[in-house]
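Heads up, the thing below is written out as structure tokens.
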Amino acid sequence: MAEKLVVIGAGMASGRMLEELFATAPGAHEVTLFGAEPRGNYNRIMLSPVLSGEKTYDEIVTHDAAWYAANGVTCRFGEPVTGIDRARRVVVSATGETPYDRLVIATGSAPFIIPVPGHALPGVLTYRDLDDTEAMIAAAAKPGARAVVIGGGLLGLEAAAGLRLRGMEVTVLHLMPHLMERQLDPAAGYLLQKELETRGIRIHTRANTHEIVGRERVEAVRLDDGTEYPADIVVMAVGIRPDTGLAKAAGLACGRGLHVDDRMITSDGSILAVGECVEHRGQCYGLVAPLYEMAKVAAKTLAGEPAEYAGSVTSTKLKVTGVDLFSAGDFAEGDDREEIVFRDPARGVYKRLVIRDQRIIGAVMYGDTADGAWFFGLLKDAADIAEMRDTLIFGPAYAGGAPLDPMAAVAALPDEAEICGCNGVCKSTITEAIAGGAGSLDAVRAGTRASASCGSCTGLVEQLLAASLGDAYAAPAARPVCGCTDLTHEDVRRLIKARALKSMPAVMQECGWRTSCGCHVCRPALNYYLLADWPLDYADDPQSRFVNERNHANIQKDGTYSVVPRMWGGITTPGELRAIADAAEKFAVPTVKVTGGQRIDLLGVAKEDLPAIWADLNAAGLVSGHAYAKGLRTVKTCVGTDHCRFGTQDSTGLGVAIEKRMWGAWTPHKVKMAVSGCPRNCAEATCKDVGVICVDSGFEVGVAGAAGMDLRETEPLGKTATAAEAIELIVAFVQLYREQAKYLDRPYKWVAKVGLDWVREQVVDDLENRRALVARFDLSQRVFQKDPWAERATPETEARWRPLADLTLEAAE
Amino acid sequence: MSGWIDIGALADIPVRGARVIRTPAGCVAVFRTAGDEVFALDDRCPHRGGPLSEGIVHGRSVTCPLHNRVFAFETGAAERPEEGRVATYPARIEGGRVLIDAAHLARRTAA
Numbered sequence: 001m002a003e004k005l006v007v008i009g010a011g012m013a014s015g016r017m018l019e020e021l022f023a024t025a026p027g028a029h030e031v032t033l034f035g036a037e038p039r040g041n042y043n044r045i046m047l048s049p050v051l052s053g054e055k056t057y058d059e060i061v062t063h064d065a066a067w068y069a070a071n072g073v074t075c076r077f078g079e080p081v082t083g084i085d086r087a088r089r090v091v092v093s094a095t096g097e098t099p100y101d102r103l104v105i106a107t108g109s110a111p112f113i114i115p116v117p118g119h120a121l122p123g124v125l126t127y128r129d130l131d132d133t134e135a136m137i138a139a140a141a142k143p144g145a146r147a148v149v150i151g152g153g154l155l156g157l158e159a160a161a162g163l164r165l166r167g168m169e170v171t172v173l174h175l176m177p178h179l180m181e182r183q184l185d186p187a188a189g190y191l192l193q194k195e196l197e198t199r200g201i202r203i204h205t206r207a208n209t210h211e212i213v214g215r216e217r218v219e220a221v222r223l224d225d226g227t228e229y230p231a232d233i234v235v236m237a238v239g240i241r242p243d244t245g246l247a248k249a250a251g252l253a254c255g256r257g258l259h260v261d262d263r264m265i266t267s268d269g270s271i272l273a274v275g276e277c278v279e280h281r282g283q284c285y286g287l288v289a290p291l292y293e294m295a296k297v298a299a300k301t302l303a304g305e306p307a308e309y310a311g312s313v314t315s316t317k318l319k320v321t322g323v324d325l326f327s328a329g330d331f332a333e334g335d336d337r338e339e340i341v342f343r344d345p346a347r348g349v350y351k352r353l354v355i356r357d358q359r360i361i362g363a364v365m366y367g368d369t370a371d372g373a374w375f376f377g378l379l380k381d382a383a384d385i386a387e388m389r390d391t392l393i394f395g396p397a398y399a400g401g402a403p404l405d406p407m408a409a410v411a412a413l414p415d416e417a418e419i420c421g422c423n424g425v426c427k428s429t430i431t432e433a434i435a436g437g438a439g440s441l442d443a444v445r446a447g448t449r450a451s452a453s454c455g456s457c458t459g460l461v462e463q464l465l466a467a468s469l470g471d472a473y474a475a476p477a478a479r480p481v482c483g484c485t486d487l488t489h490e491d492v493r494r495l496i497k498a499r500a501l502k503s504m505p506a507v508m509q510e511c512g513w514r515t516s517c518g519c520h521v522c523r524p525a526l527n528y529y530l531l532a533d534w535p536l537d538y539a540d541d542p543q544s545r546f547v548n549e550r551n552h553a554n555i556q557k558d559g560t561y562s563v564v565p566r567m568w569g570g571i572t573t574p575g576e577l578r579a580i581a582d583a584a585e586k587f588a589v590p591t592v593k594v595t596g597g598q599r600i601d602l603l604g605v606a607k608e609d610l611p612a613i614w615a616d617l618n619a620a621g622l623v624s625g626h627a628y629a630k631g632l633r634t635v636k637t638c639v640g641t642d643h644c645r646f647g648t649q650d651s652t653g654l655g656v657a658i659e660k661r662m663w664g665a666w667t668p669h670k671v672k673m674a675v676s677g678c679p680r681n682c683a684e685a686t687c688k689d690v691g692v693i694c695v696d697s698g699f700e701v702g703v704a705g706a707a708g709m710d711l712r713e714t715e716p717l718g719k720t721a722t723a724a725e726a727i728e729l730i731v732a733f734v735q736l737y738r739e740q741a742k743y744l745d746r747p748y749k750w751v752a753k754v755g756l757d758w759v760r761e762q763v764v765d766d767l768e769n770r771r772a773l774v775a776r777f778d779l780s781q782r783v784f785q786k787d788p789w790a791e792r793a794t795p796e797t798e799a800r801w802r803p804l805a806d807l808t809l810e811a812a813e
Numbered sequence: 001m002s003g004w005i006d007i008g009a010l011a012d013i014p015v016r017g018a019r020v021i022r023t024p025a026g027c028v029a030v031f032r033t034a035g036d037e038v039f040a041l042d043d044r045c046p047h048r049g050g051p052l053s054e055g056i057v058h059g060r061s062v063t064c065p066l067h068n069r070v071f072a073f074e075t076g077a078a079e080r081p082e083e084g085r086v087a088t089y090p091a092r093i094e095g096g097r098v099l100i101d102a103a104h105l106a107r108r109t110a111a
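The listed protein sequences derive, respectively, from chains A and B.
Heads up: the first sequence begins at 1 in the UniProt record's numbering, then just goes up one per residue.
Heads up: the second sequence begins at 1 in the UniProt record's numbering, then just goes up one per residue.
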């Protein structure tokens with residue numbers, strides 16, 4: 001007699017299992033199939049092409065009524081199972097009880113809904129089944145309709161692309177800094193974002209949904225930062241979780257998913273489970289390949305044949321037409337692993353292989369995924385790639401080929417081979433220039449423009465120089481930023497501006513970084529360059545800052561911090577001094593010191609006390625003195641005409657005005673200023689980065705002084721008649737320094753490189769340019785002139801300064 | 001003391017950043033990488049005692065904020081040519097929570 005087999009869930013996993021079962025043991029089972037949806041099994045992964053209009057529902061049906069009939073399956077579609085009585089071996093549904101000998105649970109997963117206010121409004125959709133897809137298609141039919149997709153993962157992006165193709169205005173909100181962070185590293189995430197943006201999809205990363213706004217139905221989505229996106233529909237695609245409701249109610253062992261063993265049997269020997277509802281060896285799966293592997297094992301178990309499921313290695317491809325993206329395995333970095341990275345900025349191609357013990361353990365590819373399957377095969381087989389390692393990244397076409405000597409390779413190139421893609425320069429043009437006397441990289445650049453744009457062919461041009469000139473060619477001593485790139489700071493700054501690179505992944509991709517997330521040398525520099533060049537577009541990255549700028553205090557050798565409030569021009573009041581004294585006593589500050597910059601330093605404050613001490617100082621009107629910043633530190637002054645019998649101008653007033661205008665600005669290195677009221681120079685203005693000496697006829701502005709590792713006297717930049725003009729000149733000078741200098745070059749080093757004459761041309765002679773520099777400085781100040789202490793001394797942020805957990809009590813037992 | 005202790009939410013540790021947990025034998029730094037992995041190491045550079053939790057995190061390593069020594073998360077070893085090593089402790093993520101192995105921590109306390 002045929003065994004009574006009941007299957008709950010008519011999705012892809014159970015569909016494949018039944019196919020396998022009927023092939024392995026035909027006629028051995030009498031199958032009843034329950035499905036919550038009023039239809040049979042269809043290819044759920046192909047819903048995206050249905051949404052985009054590239055396929056119809058009929059095209060994605062995998063099992064039609066005829067197939068179920070031919071295999072004797074009793075279909076109970078649209079009839080959700082409400083309970084399982086394991087003792088009596090029956091399942092309960094609307095029409096009564098159905099007995100089983102064995103039961104298969106394949107309830108799949110349910111979309112996760114973020115419980116923000118408004119999540120239950122009509123117009124909030126998930127993206128799971130055909131009904132969801134049809135609701136989205138209906139919404140897109142309205143002209144000018146707008147959709148907000150919450151979630152920039154696989155599903156969310158497919159929904160966004162489909163809705164966009166249907167003519168909707170689409171915005172994707174993603175909590176993390178880059179798209180598909182589970183499958184992609186930041187570089188590939190950046191390329192994907194760029195591609196989707198060119199299709200007219202707006203992407204907002206680091207977006208924390210605050211509320212879904214609407215009365216009767218959805219009207220807009222509001223973020224924590226106050227941004228609001230109008231919406232006719234909101235698609236929640238933030239993730240799925242195994243649907244284990246029935247299994248749990250029936251008392252089956254569940255964790256995140258329904259526990260199964262290697263034969264797909266649950267904690268009840270007569271109940272099996274397959275698909276997304278399952279947790280196997282601690283792992284839940286949401287991709288189709290593992291579900292099919294489970295289905296095969298479950299079918300064999302039902303048929304009484306031995307089979308074991310050992311877990312799956314998964315790979316991902318995004319199903320958006322025209323976007324080539326592939327990811328598989330583990331692609332995090334690590335000490336025990338090495339990576340091979342290939343970037344072709346011009347074609348938008350990025351490939352990265354992660355290798356451990358001569359085996360591929362992870363692969364991410366963007367733009368050219370043709371070799372994805374081959375790499376995935378090597379990954380799954382754990383194949384030893386030592387032999388073909390040198391050419392591995394180029395795919396199977398080169399596998400096993402002899403590794404090339406780069407010099408031999410460049411020498412073997414035909415004369416017409418293009419070396420510089422940006423400027424269309426071929427090899428013979430370069431070799432002729434070299435033969436004509438161009439003996440250095442700069443000379444070749446000047447003569448042919450080769451490598452003068454993106455610079456990614458610099459290495460090839462240098463090889464041509466070396467091949468042509470032999471020992472006569474000495475490679476230039478240009479110092480790259482760090483080991484992550486061959487480009488110099490100057491190259492990187494130029495490329496950031498020229499190519500409008502506005503994020504760190506953008507710079508790393510377009511400039512061909514060799515590491516996936518940089519290092520402690522390049523990241524602070526890039527963070528500075530980006531925020532200096534794109535103040536309105538770039539979001540400051542605290543994790544790419546050194547400790548002092550991240551914590552807004554100076555770390556001391558014992559791990560405590562120093563706190564220095566700003567004293568404008570060195571002027572203070574009894575009230576401020578009282579607040580400083582109170583704070584010093586309240587927080588038991590061990591050392592109170594007067595600094596060389598005319599302010600007071602509280603040394604030895606514990607990290608977790610910082611927000612509280614800031615709050616106390618803020619309450620007295622004191623703000624951060626940025627004593628820790630690559631930015632404006634102090635403007636030291638003398639008392640000037642207010643009190644001094646020699647004073648010629650109001651030096652204190654000018655110092656205060658400069659400090660009020662310029663505080664909060666980030667610069668390549670720290671900037672110290674001073675204003676002296678007469679040539680006796682009591683404020684020591686002649687050894688500052690910017691120093692003003694007041695005279696009867698006006699203000700002498702000097703720059704590029706130093707009194708640290710080097711000792712330099714300032715050089716005269718210009719003389720102005722009014723204080724207002726002196727301020728404009730100083731602001732323009734600092735902005736030029738902000739835009740041009742290498743990170744960690746003080747102004748004197750930078751001026752020595754570019755020449756004071758050039759600086760004068762820019763800010764003294766060219767008045768239009770001076771005004772433009774001042775305007776750019778002021779624009780940046782609108783973003784950055786905020787007291788960082790006040791922003792952080794709040795109840796919400798202050799927890800971040802405390803330990804995450806305190807185990808001293810528990811462990812003392 | 002045995003088993004895994006829940007020390008907080010993953011979301012409370014910044015990506016490419018760290019938070020510290022206080023233990024009887026000093027602080028332990030819990031790092032979070034760009035790929036959302038967590039690692040726990042002693043929060044004390046063997047060179048001059050710098051708090052590693054305040055360093056810049058890149059790949060699976062951190063640079064000490066005081067004198068730029070680089071330590072690998074998996075082994076705790078300083079990058080060549082420097083010498084030295086900090087202790088590491090098993091840590092993992094479950095359901096958005098960060099767990100740390102209490103047994104290893106306890107051994108640290110005893111030692």
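Cβ atoms here follow ideal geometry from the backbone N, Cα and C, with glycine treated the same way.
Inset, instruction - Assuming Gly708 (chain A) contacts Asp689 (chain A) (C-beta within less than 8 Å), just tell me the rounded distance between them. - result: With 8 Å as the limit, Gly708 (chain A) and Asp689 (chain A) do not qualify as a contact, their Cβ atoms being about 10 Å apart.
Inset, instruction - Express the C-alpha separation of Ser270 (chain A) and Asp64 (chain A) in angstroms, rounding to a whole number. - result: Roughly 28 Å separates the two Cα atoms.
Inset, instruction - Could you check the C-alpha separation between Ala205 (chain A) and Glu219 (chain A) for me, to the nearest Å? - result: First, the amino acid is wrong: residue 205 (chain A) is Thr here, not Ala. Their backbone Cα atoms lie some 21 Å apart in a straight line.
Legend entry - Neighbour list for Ile555 (chain A) in chain B, Cβ cutoff strictly below 9 Å: Gly50, Pro51, Glu54, Pro65, Leu66
Legend entry - Closer than 8 Å to chain B by CB, Val73 (chain A): no
Legend entry - Cβ-heavy atom distance, Val149 (chain A) to the ligand FMN, below 7 Å: Only the bare structure without any ligand can be found here, which leaves the ligand FMN out of the picture.
Inset, instruction - Report yes if the C-beta distance between Asp558 (chain A) and Lys502 (chain A) is below 8 Å; otherwise report no. - result: no
Legend entry - Three-state secondary structure (DSSP) of Tyr190 (chain A): The answer is helix: DSSP assigns Tyr190 (chain A) an H, G or I state.
Legend entry - Proximal chain A residues relative to Ile13 (chain B), where beta-carbon distance stays under 8 Å: Leu804
Inset, instruction - For the alpha helix (DSSP H) holding residue 862 (chain A), just list the boundary residues, first then last. - result: Look at the range of chain A in this structure, 1 to 813, and you will see that residue 862 (chain A) is not part of it.
Inset, instruction - Identify every residue that forms a DSSP beta bridge with Glu728 (chain A). - result: Answer by DSSP bridge pairing: none, since Glu728 (chain A) is not bridged.
Legend entry - Neighbour-count burial assignment, Ala111 (chain B), 16 or more Cβ in a 10 Å radius: Confidence in Ala111 (chain B) is poor, its pLDDT being 48 and thus under 50, which makes the residue's placement unreliable; the coordinate value appears in the next sentence. Answer is exposed; the Cβ neighbour count stays below 16.
Inset, instruction - For Glu19 (chain A), count neighbouring C-beta atoms within 10 Å of its own C-beta (all shown protein chains included) and say buried if the count is 16 or more, exposed if not. - result: buried
Inset, instruction - Compute the Euclidean distance between the alpha carbons of Thr198 (chain A) and Arg146 (chain A), then round it to the nearest angstrom. - result: 18 Å
Legend entry - Complete alpha helix (DSSP H) runs within the UniProt domain "Nitrite/sulphite reductase 4Fe-4S" (629-769) of chain A (minimum length 4 residues, chain order): 651-662, 723-740, 747-754, 756-760
Legend entry - Rounded separation between Glu813 (chain A) and Arg107 (chain B) - CA only: Below a pLDDT of 50, predicted positions are generally treated as unreliable, and Glu813 (chain A), at 41, falls in that range; the measurement from the model is reported next regardless. Going by the C-alpha atoms only, they are around 14 Å apart.
Inset, instruction - Could you tell me which of A:His29, A:Ala159, A:Val703 sits nearest to Val299 (chain A), measuring between CA atoms? - result: The identity of residue 299 (chain A) in the sequence shown is Ala, whereas the question assumes Val. Ranking A:His29, A:Ala159, A:Val703 by Cα distance to Ala299 (chain A) puts A:His29 first.
Legend entry - Test: Ala40 (chain B) CB closer than 8 Å to a CB of chain A: no
Inset, instruction - Using a Cβ cut-off of 8 Å (strictly closer), state whether Gly96 (chain B) contacts chain A. - result: no
Inset, instruction - Say whether chain B places a C-beta atom closer than 8 Å to the C-beta of Thr808 (chain A). - result: Any Cβ of chain B closer than 8 Å to the Cβ of Thr808 (chain A) would place that residue at the interface, and such an atom is present.
Legend entry - Range of the contiguous alpha helix (DSSP H) that encloses Thr797 (chain A): That run of the alpha helix (DSSP H) goes 795-798.
Legend entry - Short-range partners of chain B found in the segment 520-541 of chain A, where Cβ spacing is below 8 Å: His520, Arg523, Pro524
Legend entry - Segments of 4+ residues assigned as alpha helix (DSSP H) that fall wholly inside the segment 168-244 of chain A: Qualifying alpha helix (DSSP H) stretches, in chain order: 186-198.
Legend entry - Span separating the alpha-carbon of Ala606 (chain A) from that of Val589 (chain A): 9 Å
Inset, instruction - Kindly give me the distance between the Cβ atoms of Ile13 (chain B) and Leu804 (chain A), rounded to whole angstroms, as I take these residues to be in contact under 8 Å. - result: 7 Å
Inset, instruction - Quick one: grab the DSSP three-state call for Val15 (chain B). - result: coil
Legend entry - Contact between the segment 736-754 of chain A and the segment 663-675 of chain A (3+ Cβ pairs under 8 Å): yes
Legend entry - Per DSSP, cross-strand counterpart(s) of His259 (chain A): A:Glu279
Inset, instruction - Sort out for me which residues DSSP pairs Leu617 (chain A) with in a bridge. - result: Looking at the DSSP assignment, Leu617 (chain A) forms no beta bridge with any residue, so it has no partner.
Legend entry - Gly108 (chain A) beta carbon less than 8 Å from that of Gly40 (chain A): no
Inset, instruction - Could you list which residues in chain A have their beta carbon closer than 9 Å to that of Ile21 (chain B), in chain order? - result: Pro803, Leu804, Ala805, Asp806, Leu807
Inset, instruction - In the DSSP assignment, find the beta strand (DSSP E) that holds Phe326 (chain A) and state where it starts and stops. - result: 325-329
Legend entry - Euclidean distance between Cα positions of Thr637 (chain A) and Ile730 (chain A): One C-alpha to the other measures close to 16 Å.
Legend entry - Start-end ranges of the beta strand (DSSP E) lying completely within the segment 413-492 of chain A, minimum 3 residues: 418-420
Inset, instruction - Could you confirm whether any beta carbon from chain B is found closer than 8 Å to the beta carbon of Ala402 (chain A)? - result: Reliability of the predicted coordinates at Ala402 (chain A) is poor, the pLDDT of 45 falling under 50, and the value obtained from them is presented with this limitation in mind. Not closer than 8 Å to any Cβ of chain B, the Cβ of Ala402 (chain A) fails to qualify, so no.
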